[in-house]
Amino acid sequence: MSQAIQHNAQVAMTRHPYFLRTAETLRPVLHSQSRQPIAVIQAHADPEALFGWRGDEVGTLADFSRRELTSGDSAIIDFGSHIVGYLHFTCLSAGSPPDAPAHLQLTFGETLCEVCEPFSDYQGWLSSSWLQQQDLWLDVLPAAIDLPRRYCFRYLKVEVKAVSEKFRLRLNQIQVNAVTSATQTCPPAVTTDPQLQAIDRVAVLTLKNCMQEVFEDGPKRDRRLWLGDLRLQALVNDVTFRAPRSGPPLSVPVCRSYPGRRDGVSQRFRPADVLADDTFLFDYSLFFADILL
């Protein structure tokens, strides 16, 4: 991935309405599944652990739902596996009637370090707006919260930034509406090697979470269709989920609707309004030569 930000507004993109209409008729159905957390954990710095953080279970969700939270309290909730979807929970007041809004901050992480290390330290070249964090101000309690933004994570950190001294908070019914266009069935890996089986499980889950309305480059960051990724993801789909309407039928006419340049470069697309980006890379197949050398 080149770290240079491209600006190619002068490149004229060809738009084919026929293929766009065809793509719309092939829009896949997103399957949803309710996923509940498995534990509340406490994080500890550990140089031997992945990315320097270890999580130890300290309670169940039933315990957490009875806990009364006040300003400065926090908890890390473990969903047990990587998921892509929409968070739902309810927030109740405890004690006296609320006399001020409740300010919550939610941080979502694929790995534990993402919810343990402050985002203010981030110095990367990618926009910090990709960091998965959301602040909520709840003016009326009780409240049922359904976040409109889709998140990609395993760990959820809940922080109570501020409530008045008059009342406390309780959170319950925490769940995620996980979404994917992949089917629920996938043949097992044809191997008896435990390590290869583990690699296959992770790879299949990664593909499943990338299968949304198109094959996304990644469900956390970018969330767009890349021509280079499309071929690789479609090939793996053919031997795993084998979902005929989960990605390729929509992805292919989307790509054809914007043929763009013909100099062997890859483009990426935003699925919502099918807008071709002005970023161009060499075809991914050309990168494999470097691996073989």
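Numbering (this note's numbering), first residue to last: -19 to 273.
For glycine and all other residues, C-beta sits at the position ideal for the given N, C-alpha and C.
Check whether the Cβ atoms of residue i and residue j sit closer than 8 angstroms, and answer yes or no.
i    : j    : result
Y66  : V9   : no
V304 : L86  : Outside the modelled stretch of the chain, which goes from -19 to 273, sits residue 304, for which no answer is possible.
F133 : Q164 : no
D36  : I18  : no
S51  : V143 : yes
I63  : R15  : yes
C71  : A82  : yes
E193 : S161 : yes
L187 : T220 : yes
I56  : A23  : yes
L149 : V140 : yes
C93  : F31  : yes
Please name the residue or residues paired with residue i in a DSSP beta bridge.
i    : result
T70  : A124 and N152
V138 : A55 and L86
I63  : F133
S14  : N157
D115 : Q85
D258 : Looking at the DSSP assignment, D258 forms no beta bridge with any residue, so it has no partner.
M191 : F195
G75  : F147
D36  : Q22
L49  : L149
Could you tell me the alpha carbon to alpha carbon distance between residue i and residue j, rounded to whole angstroms?
i     : j      : result
A269  : L207   : 18 angstroms
R241  : L136   : Because the pLDDT of R241 is 49, which lies under 50, any placement of that residue in the model is unreliable, and the number read from its coordinates should be weighed accordingly. Taking the straight line from one Cα to the other gives about 42 angstroms.
Q(-6) : L0     : Looking at the sequence shown, residue -6 is not Gln but Thr. Their backbone Cα atoms lie some 12 angstroms apart in a straight line.
T91   : A256   : 31 angstroms
P122  : R130   : 23 angstroms
F147  : E48    : 9 angstroms
H68   : D26    : 31 angstroms
Q114  : T171   : 42 angstroms
Q213  : F99    : 31 angstroms
L185  : G198   : 12 angstroms
D53   : F88    : 17 angstroms
E28   : N(-12) : 45 angstroms
R203  : A74    : 39 angstroms
D101  : W33    : 17 angstroms
D243  : I125   : With a pLDDT of 41 at D243, under the threshold of 50, the modelled position of that residue is not reliable, and the figure given next carries that caveat. Roughly 48 angstroms separates the two Cα atoms.
E97   : V216   : 35 angstroms
S61   : R222   : 23 angstroms
P78   : L116   : 16 angstroms
E283  : S76    : The structure shown has nothing for residue 283, since the chain only spans -19 to 273.
N189  : D218   : 16 angstroms
S108  : L210   : 26 angstroms
H(-4) : V254   : 11 angstroms
N174  : R181   : Per the sequence shown, the amino acid found at residue 174 is Pro instead of Asn. C-alpha separation (whole angstroms): 11 angstroms.
R46   : V38    : 14 angstroms
D58   : Y(-2)  : 45 angstroms
P167  : V120   : 48 angstroms
T5    : Q103   : 42 angstroms
M191  : V95    : 25 angstroms
L266  : L205   : 19 angstroms
What whole-angstrom Cβ distance do residue i and residue j have, given they're in contact under 8 angstroms?
i      : j    : result
A183   : Q177 : Between Q177 and A183 the Cβ distance is about 11 angstroms, and since that is not below 8 angstroms, they are no contact.
Q(-14) : D258 : 6 angstroms
W110   : R201 : 5 angstroms
L118   : L151 : Not quite, the Cβ-Cβ distance comes to about 11 angstroms (not below 8 angstroms), so this is no contact.
L41    : I179 : Incorrect: roughly 30 angstroms between the Cβ atoms, too far for contact.
For chain C, find out if any of its Cβ atoms is closer than 8 angstroms to the Cβ of residue i; answer yes or no.
i    : result
Q213 : Here chain C cannot be found, since the structure has a single protein chain.
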